[in-house]
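Taking my numbering, the leading residue of the sequence shown gets 4, the next gets one more, and so forth.
Positions of the beta carbon are idealized from the N, C-alpha and C atoms, including for glycine.
All figures in this text were calculated on a predicted structure; none of them were measured in a lab.
Heads up: the structure comes next, in structure tokens.
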Amino acid sequence: MIQKMKGTYDIIDDIAYFQWIEKKIIQISKLYHYKEIRTPHFEASQLFHRGVGETSDIISKETYDFIDRGHRENTLRPEGTAGVVRAYIENKLYANPMVPHKFFYYGSMFRYERPQKGRFREFRQFGAEAFGSSSPLLDAETIAFAVTFLKSLKLKDVKVSLNGLGDKASKQAYHQALKAHLKDSIHDLCKDCQKRYQENPLRILDCKVDTDHPALISAPKPIDYLTDDDRAHFEAVLEALKTMDIDVEVDPSLVRGLDYYTHTVFEIKVSKALLGNQNAICGGGRYNHLVETLDGPPTPAVGFSFGIERLIVALKAADIVMEDYGSHLYLITLGEAAQKEGLRIIQKLRLGGIMANIDFLGKSLKAQFKQSEHHKARFVVVLGDEEMRQGDVEIKNQETQEITRSSIRGLYATLVDLLTAPSACDTCEQKGESS
Ligand code: HAM
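Given below as structure tokens:
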């Protein structure tokens, strides 16, 4: 039997989580005025080599590369930013004076990694990229967007870590300081770090092998080498986050695994209790030179991506109940006449937007109750000869066991009253207060 490829999986039972998350992505992106963009799943290999960077693990070890029948070098996208930047340049979206230009995307990414809990070879990302403003307020808004998205999913046990890398001058000063510091110990560090020492010393801080090496523990940190302007940018981001009540922690060692970052970098993690070691659910930052590197006009930009599979593992581990999970009503019918009448009733209810179901197999009362649990119905109504004669039914709330009487004719209106209308704003904390 042909089986799925290592690191991939079929989405079957988890589809409700995906759909819930996809709904929230659209809702929250609208709040922040991000428009959806869909780019191809494969691009010219060069895009990722030049965009993400040769020294990143993603490019040096993890890409799915293939030569097509026309002898072109293709790569399955390992992340979304480079493709969005390519589309931004190729479609001349920068020509629109209405900056910032904000885009979000959702879809599969591909990395040849060693599969484990929360790490796959095909995984999905929700990402957002904003182009055209270097304001630190936009960095802060981007982080606020990511946090609001998590809030809408009711995920609370999260920590936002932040660091400032600065722009070219700050990074260069830091590279020099780090190289001087590691001059005598670099040969003790892993092979990857020795390569990074030559090509991109900053990324030595991201080493997963020699984390406890004294030379790395005592290494200088980028934040101490920021120029005055870059320090002012970083502080303005922190200040803006504070005014929005977004809690963040400065992590001076945070550098992230992709080469394109400048200024702000951030990561959102959930507790290891929820997700184990792969507990970063979101990563992002500013990348002021990527558009130019990929032959576009100089354009500052900032963005983030969430790993959807990791989010789902965390949501499940935190026992978060999805909204609209299951159906609204299961109508238990006793006898053939009730079954026919039941179908008529639920057709009316469905036309009014109520998710309702009945049995088609003439199952026993007990078996239909079991079926209602399988449907995760919030309410159950029993319809038999007696109820049809009286024109009345009892609506049972499956969670509270509370009973509400209703006429059959008034069933729709009663159910609408009982079903708490979905909140227009799931992220509102202070309903009725505007600021
Ligand atoms: P990244 O940190 O490489 O950043 O990936 C973002 C998120 O994707 C991670 O935090 C993680 O949740 C998820 N992820 C990464 N690899 C895997 C995997 N193998 N299996 C499951 N989930 C995974 C980026 O991709 C940047 N493009 C983010 C960005 C956007 N920066 C600026 N704009």
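Distance check between histidine 378 and each of Glu125, Ile348, Asn360, Val102 places Asn360 closest, using alpha-carbon atoms only.
In this chain, the alpha helix (DSSP H) harbouring alanine 172 covers 171 to 185. Ranked by how close their Cα comes to the Cα of lysine 186, the residues Leu168, Pro223, Ser173, Leu158 have Pro223 in first place. Pairing leucine 158 with isoleucine 24 gives a Cβ-Cβ distance that is not under 8 Å.
In this structure, glutamate 57 has its beta carbon at no less than 7 Å from each heavy atom of ligand 1.
Distances from the alpha-carbon of isoleucine 271 to those of Val150, Pro204, Gly356, Ile226 put Val150 closest. Glutamate 57 and serine 221 have their C-alpha atoms some 27 Å from each other.
Sorting Arg392, Gly130, Thr145 by C-alpha distance to the C-alpha of serine 136 places Thr145 at the top. Uninterrupted beta strand (DSSP E) stretches at least 3 residues long and entirely within the stretch 326 to 391 occur at 332 to 336, 359 to 361, 382 to 386, given in chain order. The three-state reading of DSSP puts arginine 289 in strand, counting E and B together. For phenylalanine 152, the enclosing alpha helix (DSSP H) stretches over residues 139 to 155. Under the three-pair Cβ rule at 8 Å, the stretch 285 to 304 does not count as touching the stretch 194 to 206. With respect to phenylalanine 269, serine 164 sits close: the two C-beta atoms are nearer than 8 Å. A direct Cα-to-Cα measurement between isoleucine 311 and cysteine 285 gives close to 9 Å.
Counting along the chain, histidine 266 sits inside the beta strand (DSSP E) bounded by residues 265 to 273. At a threshold of 7 Å, threonine 11 does not count as near ligand 1, since its beta carbon sits no closer than that to any of the ligand's heavy atoms. Within 10 angstroms of the beta-carbon of isoleucine 349 lie 16 or more other beta-carbons, which makes it buried.
By alpha-carbon distance to arginine 117, the top candidate from Tyr108, Arg392, Asp60 is Asp60. For valine 212, the three-state secondary structure derived from DSSP is coil.
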